[in-house]
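For reference, the structure is listed below as structure tokens.
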Amino acid sequence: MANLFHLLQRVCLLLEAIYQLLKDASLTLSVRQDEKVVSGTKARPLLSVVEVMDILGISRSTYYRFVKEGRLLPRILGNRHYYYLEDLEEQIRESKRRGRI
Numbered sequence: 000m001a002n003l004f005h006l007l008q009r010v011c012l013l014l015e016a017i018y019q020l021l022k023d024a025s026l027t028l029s030v031r032q033d034e035k036v037v038s039g040t041k042a043r044p045l046l047s048v049v050e051v052m053d054i055l056g057i058s059r060s061t062y063y064r065f066v067k068e069g070r071l072l073p074r075i076l077g078n079r080h081y082y083y084l085e086d087l088e089e090q091i092r093e094s095k096r097r098g099r100i
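If you read the sequence shown in numbering that gives the first Met the number 0, its first letter stands for residue 0, the second for the next number, and so on.
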């Protein structure tokens, strides 16, 4: 009986993981569709949190502090943060001034 319970727990964990993967894949597809060519001009690519951290030369904790302080204003799709490059211009200047990049 205990083995059956453990197997059911594992199945539930696997189903939750599959659900999260499908949810992420659906969001990725949605973001890619948003990036397609719109009325003859190329849409601006969205940057992920990791790309923003690399561009600004900051850590994950600094990123979330900047969001909390309002220094970065993410575009939220699903439960993820995205940015256009022009959204980061002020922070890029600040990172250059501080020698991070």
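Each residue gets a CB set at the ideal place from its N, CA and C atoms; glycine is no exception.
Member of the options whose CA lies at the smallest distance from the CA of residue i
| i | options | result |
| --- | --- | --- |
| THR80 | TYR63, SER94 and GLU89 | For clarity, residue 80 is His in the given sequence; the question names Thr instead. That would be TYR63, whose Cα lies nearest to the Cα of HIS80. |
| LEU87 | ARG74, GLY98 and LEU6 | ARG74 |
| LEU72 | PHE4, ASP53, PRO44 and GLN90 | GLN90 |
| MET100 | GLY77, VAL66 and ILE54 | A quick correction: the sequence has Ile, not Met, at residue 100. Minimum Cα distance to ILE100 is reached at ILE54. |
Bridge partner(s) assigned by DSSP for residue i
| i | result |
| --- | --- |
| ILE91 | According to DSSP, which records beta bridges pairwise, ILE91 is partnered with nothing at all. |
| ILE75 | HIS80 |
Cβ-Cβ separation, residue j to residue i (assumed contact under 8 Å), whole Å
| i | j | result |
| --- | --- | --- |
| GLY56 | SER94 | 5 Å |
| TYR82 | LEU45 | 7 Å |
| MET52 | SER58 | 7 Å |
**Report entry** Start-end ranges of the alpha helix (DSSP H) lying completely within the stretch 41 to 71, minimum 4 residues
**Finding:** 48 to 55 and 59 to 68
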